[in-house]
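There are 2 protein chains.
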Amino acid sequence: MDIYLFAIFLLACCAAGATGAVFTPGAWYRSLQKPWFTPPNWVFRVVWTSIYLLISFAGARLAVIEGNAYAMAFWAAQAALSTLWTPLFFGLRRIKGALLAMGPLWLSVLGCTWSAFSLDFLAGLAFVPYLIWVTVAAALNIEILRLNRHVAPLTSVGG
Amino acid sequence: MDIYLFAIFLLACCAAGATGAVFTPGAWYRSLQKPWFTPPNWVFRVVWTSIYLLISFAGARLAVIEGNAYAMAFWAAQAALSTLWTPLFFGLRRIKGALLAMGPLWLSVLGCTWSAFSLDFLAGLAFVPYLIWVTVAAALNIEILRLNRHVAPLTSVGG
Chain L
116 MDIYLFAIFL
126 LACCAAGATG
136 AVFTPGAWYR
146 SLQKPWFTPP
156 NWVFRVVWTS
166 IYLLISFAGA
176 RLAVIEGNAY
186 AMAFWAAQAA
196 LSTLWTPLFF
206 GLRRIKGALL
216 AMGPLWLSVL
226 GCTWSAFSLD
236 FLAGLAFVPY
246 LIWVTVAAAL
256 NIEILRLNRH
266 VAPLTSVGG
Chain P
116 MDIYLFAIFL
126 LACCAAGATG
136 AVFTPGAWYR
146 SLQKPWFTPP
156 NWVFRVVWTS
166 IYLLISFAGA
176 RLAVIEGNAY
186 AMAFWAAQAA
196 LSTLWTPLFF
206 GLRRIKGALL
216 AMGPLWLSVL
226 GCTWSAFSLD
236 FLAGLAFVPY
246 LIWVTVAAAL
256 NIEILRLNRH
266 VAPLTSVGG
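So the protein lines, in turn, are chains L and P.
Just so you know, our numbering puts 135 at position 20 of the first sequence, and the rest follows in order with no gaps.
Just so you know, our numbering puts 199 at position 84 of the second sequence, and the rest follows in order with no gaps.
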């Protein structure tokens, strides 16, 4: 594995991770009604860190394989959509808006997993935890929307 | 050019573009001291839309070329970093934090342009306006930081 490629993919993950560091779940998130399967807050950090390392590893392996077009396109899409989700949900408290981003994010991760498996078994495996996790995250987003219909988003930040 | 690949890269750009749609320059941005070369607000929309179309075109061309590893890694990195910048600047008003994201964003776009030119002249050309634009944006971010040292970021959104 090319360590420089790994580092560039990890840089993309750090951008996504940075949104989690600056838009944190505070009093507002605590006040929401949440479903029974909501993980405790510390789980998110551990899971996301593991996922970032795994998919950067997968990215570095896939990048050097011929025929990687869809794998690389989906990898880029999941990186941008994952960076978008957190500011929508925790920043603007747009539970529905975040769900609109979650749809294409879930499809992108499915696309990554599918195209990775068709090129390289290890890279495919490295995407499986991510696919499971975005499925949980999507279910969580849907349930939080259903249970908190009365909660209005912010019209602007810093209001 | 594979239109589905183009669409997936454009989806990544839409995630970046969505941050500009929800974290908008309002009274706070108007109140900042800005350098002489600050473009009027409408220019950002036009320029970003053009850049998104051009780099999605470049992405779709590069994705099917053998030896595209660095081009694809840098493409993903710029997508995530560009999605991060807007919530930092307009969302949390972290002028310095946004500049910290701008550094690796600028390097990623330089990496895209460089590696694209080494694979495909048209794809390389398609990155040139982006490289010029992030250079202007970086200069703008630096000057706004220098001219507004007294402006504090939000400690949290919706405060």
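All C-beta atoms, glycine included, are put in the ideal place defined by N, C-alpha and C.
- Just so you know, the alpha carbons of methionine 116 of chain P and valine 179 of chain L end up roughly 21 Å apart.
- Ranked by Cα distance from aspartate 235 of chain L, the options L:Leu222, L:Glu181, L:Trp163 are led by L:Glu181.
- In the three-state reduction of the DSSP assignment, arginine 209 of chain P falls in the coil class.
- DSSP places proline 268 of chain L outside both helix and strand once states are collapsed to three, so it counts as coil.
- For methionine 116 of chain L, there is no enclosing alpha helix (DSSP H), as DSSP marks it with neither H nor E.
- For valine 179 of chain P, at least one C-beta of chain L is nearer than 9 Å to its own C-beta.
- At a beta-carbon threshold of 7 Å, none of the residues of chain L lie near tryptophan 221 of chain P; the nearest stands roughly 13 Å away.
- For threonine 198 of chain P, the uninterrupted alpha helix (DSSP H) segment begins and ends at 184-201.
- Using a CB distance cut-off of 9 Å, glycine 206 of chain P counts as an interface residue toward chain L.
- Residues of chain P with a Cβ closer than 8 Å to the Cβ of threonine 134 of chain L are, in chain order, Leu199, Pro202.
- 9 Å or more divides the Cβ of cysteine 129 of chain L from the Cβ of isoleucine 170 of chain L.
- Judged by DSSP secondary structure, isoleucine 166 of chain L falls within the alpha helix (DSSP H) whose first and last residues are 156-178.
- Residues of chain P with a Cβ closer than 9 Å to the Cβ of tryptophan 248 of chain L do not exist, since the nearest Cβ in that chain sits about 17 Å away.
- In the three-state scheme derived from DSSP, where H, G and I count as helix and E and B as strand, leucine 147 of chain L is classed as coil.
- When the Cα atoms are used, phenylalanine 242 of chain P and phenylalanine 152 of chain L turn out to be separated by approximately 44 Å.
- Flagged as an interface residue toward chain P: isoleucine 123 of chain L, by a C-beta distance shorter than 9 Å.
- Contact fails between the region 212-229 of chain P and the region 153-161 of chain P, because fewer than three Cβ pairs, one in each stretch, are under 8 Å apart.
- Three or more beta-carbon pairs separated by less than 8 Å are not found between the region 133-150 of chain P and the region 251-264 of chain L, which leaves the two stretches without contact.
- With respect to serine 233 of chain L, isoleucine 123 of chain P sits apart: the two C-beta atoms are not nearer than 9 Å.
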